[in-house]
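Worksheet: one structure, shown below.
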Amino acid sequence: MEDNSTSERHENNNLKAVIAFSEFLGPDTTFYQVTRTEQIIKFLDMKTKIFSDDPEKGWITTWNDYLVRIKHFFRWLHNCRITLNRQTEEDLCAASSVDWIIPRFANIKRKRTKRLSPYGENEIWDIEDPKKYHMRHVI
Numbered sequence: 009m010e011d012n013s014t015s016e017r018h019e020n021n022n023l024k025a026v027i028a029f030s031e032f033l034g035p036d037t038t039f040y041q042v043t044r045t046e047q048i049i050k051f052l053d054m055k056t057k058i059f060s061d062d063p064e065k066g067w068i069t070t071w072n073d074y075l076v077r078i079k080h081f082f083r084w085l086h087n088c089r090i091t092l093n094r095q096t097e098e099d100l101c102a103a104s105s106v107d108w109i110i111p112r113f114a115n116i117k118r119k120r121t122k123r124l125s126p127y128g129e130n131e132i133w134d135i136e137d138p139k140k141y142h143m144r145h146v147i
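First residue of the sequence shown? That's 9 in this note's numbering, and the numbers climb one at a time after it.
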């Protein structure tokens with residue numbers, strides 16, 4: 009990831025998603041043994057919430073975020089470790105990530121949301137709000 013000049017926060021969030029998926033799989037299942045779409049979907053479905061807890065369906069954003077991170081991980085694993093059968097760190101991923109293919113089991117579509125914005129109505133500022141905030145702190 010460092011070669012992609014991604015931020016440390018982005019790298020940490022990717023690791024957290026992969027670690028959470030690993031914990032879901034349990035100690036008896038390795039990433040190499042994940043070969044079915046259902047294994048990933050079951051994990052992602054743990055991120056869903058019932059309507060009364062999340063009426064705006066914000067959980068879809070979380071579901072999609074975990075999907076993208078897990079899909080990227082399996083693209084890396086499949087293209088750099090399994091398909092190319094590369095064993096040493098020097099051999100890993102000589103090919104660009106643009107050329108990577110998505111393993112069939114990880115080719116899961118993102119969920120669509122009907123939300124117009126990822127922010128709730130109370131989180132969106134009116135045009136006058138920043139001016140009020142600024143004037144209050146200037147005095």
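Cβ coordinates follow ideal geometry from the N, Cα and C atoms, glycine included.
query: If you check the beta carbons only, do residue 148 and residue 118 fall under 7 angstroms apart?
result: The structure shown does not extend to residue 148, since the chain is modelled only from 9 to 147, so the question has no answer here.
- request: Determine the burial state of residue 23: buried for a count of at least 16 other Cβ atoms within 10 Å of its Cβ, exposed for fewer.
  value: Within the sequence shown, numbered from 1, the residue matching residue 23 stands at position 15. Counting Cβ neighbours within 10 Å, residue 23 comes out exposed, since fewer than 16 surround it.
query: Hey, is residue 42's beta-carbon within less than 7 angstroms of any beta-carbon in chain D?
result: The structure shown contains no chain D; it holds only a single protein chain.
- request: Please list, in chain order, all residues of the same chain as residue 74 whose beta carbon is under 7 angstroms from its beta carbon, the five residues on each side excluded.
  value: Numbered from 1 along the sequence shown, position 66 holds the residue referred to as residue 74. Only 25, 52 and 55 meet the Cβ criterion.
Opening and closing residue of the alpha helix (DSSP H) in which residue 108 lies: The residue given as residue 108 occupies position 100 in the sequence shown. Element bounds for residue 108: n/a, residue is neither H nor E.
message: Quick check on residue 26: does DSSP put it in helix, strand or coil?
response: The count along the sequence shown starts at 1 and reaches residue 26 at position 18. The answer is helix: DSSP assigns residue 26 an H, G or I state.
query: residue 42 by DSSP, collapsed to three states: which one?
result: Reading the sequence shown from its first residue, position 34 is the one you call residue 42. Coil.
query: Which two residues bound the contiguous alpha helix (DSSP H) that contains residue 75?
result: Taking the first residue of the sequence shown as 1, we reach residue 75 at position 67. Unbroken alpha helix (DSSP H) run through residue 75: 67-84.
message: So residue 77 and residue 108 are supposed to be a Cβ contact under 8 angstroms. How far apart are they, rounded?
response: The residue given as residue 77 occupies position 69 in the sequence shown. The residue given as residue 108 occupies position 100 in the sequence shown. 15 angstroms between Cβ atoms; not a contact.
- prompt: Alpha carbon to alpha carbon, what distance is there between residue 21 and residue 28?
  reply: As a first step, residue 28 must be located in the sequence shown, where it is residue number 20. As a first step, residue 21 must be located in the sequence shown, where it is residue number 13. Answer to the nearest angstrom: the Cα atoms are 10 angstroms apart.
message: Any heavy atom of the ligand GTP closer than 6 angstroms to the beta-carbon of residue 118?
response: No copy of the ligand GTP appears in this structure; indeed no ligand is present at all.
- prompt: Around the C-beta of residue 18, are 16 or more other C-beta atoms found within 10 angstroms, so that it is buried, or is it exposed?
  reply: Taking the first residue of the sequence shown as position 1, residue 18 is located at position 10. Exposed, because fewer than 16 other Cβ atoms sit within 10 Å of the Cβ of residue 18.
query: Relative to the alpha-carbon of residue 39, which residue among 68, 105 and 114 has its alpha-carbon at the smallest distance?
result: Within the sequence shown, residue 39 is the residue found at index 31, counting from 1. The candidate whose alpha carbon is nearest that of residue 39 is 114.
- prompt: When we look at the beta-carbon of residue 68 and count the other beta-carbons within 10 Å, is it buried (16 or more) or exposed?
  reply: Residue numbering aside, residue 68 sits at position 60 when the sequence shown is read from its first letter. Buried is the call here.
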